[in-house]
Amino acid sequence: MDKVRLGRTDLMVTSICFGTSGLGDMPDTYGYGVDEARARATIHAIFDGPANFLDTARNYGFGRSEERIGAAIRERGGLPEGFVVSTKLDRDFETSVFDASRARRSLEQSLKALGLERFDLLHLHDPEHSRSFDETTGEDGALGELFRIKEEGLAKAVGLAAGPASMMMPLLRNWDFDALITHNRFTL
40 MDKVRLGRTD
50 LMVTSICFGT
60 SGLGDMPDTY
70 GYGVDEARAR
80 ATIHAIFDGP
90 ANFLDTARNY
100 GFGRSEERIG
110 AAIRERGGLP
120 EGFVVSTKLD
130 RDFETSVFDA
140 SRARRSLEQS
150 LKALGLERFD
160 LLHLHDPEHS
170 RSFDETTGED
180 GALGELFRIK
190 EEGLAKAVGL
200 AAGPASMMMP
210 LLRNWDFDAL
220 ITHNRFTL
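Here the sequence shown stands for residues 40 to 227, where the numbers follow this note's numbering.
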C-alpha cells in the first residue's frame, strides 16, 4: 500500500488509518459491544495488514481501547516496524476539566496503557466539550501543554482533533499544528 506524508510531519503513513474507538467496547455509542478476544484479533489483523497507521484516544471506552492496543503491542514484543500509533489528550471523564495538569495526566495514562515511551502523533481531543473552552485552549491550558509535550520530545508531531470547523479555525490560525482531524461531520 502506498504511503503519503502526513500533514506537515515527516511521518509516512498509508492513506488508510484505522480508527479504534469501537475497540473500546462502547455499545451505547455503536449499538454493539466488542469483547476482549475480538478486540485483540482486530488489532493483530491491523498490525499484520498493509496499513501502518492507527488512531486511538484516551476516552475511547474510558481507556479500554488504548489498553487493548497496548496489550497487543506487548504480545508482539513491540510495534511492527514503521507502524504509527496516534492518540489524543483527553479531558477528565467525570468533570470535563481539561487544563494543563489534566493533559499531562492523560499523556502519562496513554503512555502507560500503550506501553510506549513517546508518540509519533499526539492530538488535543475535542476541546469544545471541555468544562471551559478558554481554559483548555489557552497557553496555560491543555493546548499549551500539548506543545510543551512536543518540545520535551514526548510527541514528534501534534495535532488538533475536533468536530466543528468553525471552532477549529481560530485555533489553526494561532497555533502551529502538524496535523488535523475533523470528525463526526461526514460519512460514507
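Each residue gets a CB set at the ideal place from its N, CA and C atoms; glycine is no exception.
Residue burial annotation: Met40 is exposed, with fewer than 16 other C-beta atoms found within 10 angstroms of its C-beta.
For Asp159, the enclosing beta strand (DSSP E) has its first and last residue at Phe158 to His164. By a beta-carbon distance limit of 8 Å, Leu146 contacts Leu193. Their separation comes to about 7 Å.
Ala200 is bridged by DSSP to His164 and Ile220.
The region 113–159 contains, as complete beta strand (DSSP E) runs of 3+ residues, the segments 123–128 (chain order). Counted as a single uninterrupted DSSP element, the alpha helix (DSSP H) harbouring Asp67 occupies residues Pro66 to Tyr69. A check of alpha carbon separations from Gly102 across Ala152, Gly121 and Ala90 identifies Ala152 as the nearest. Collapsing the DSSP output to three states places Arg44 in a strand.
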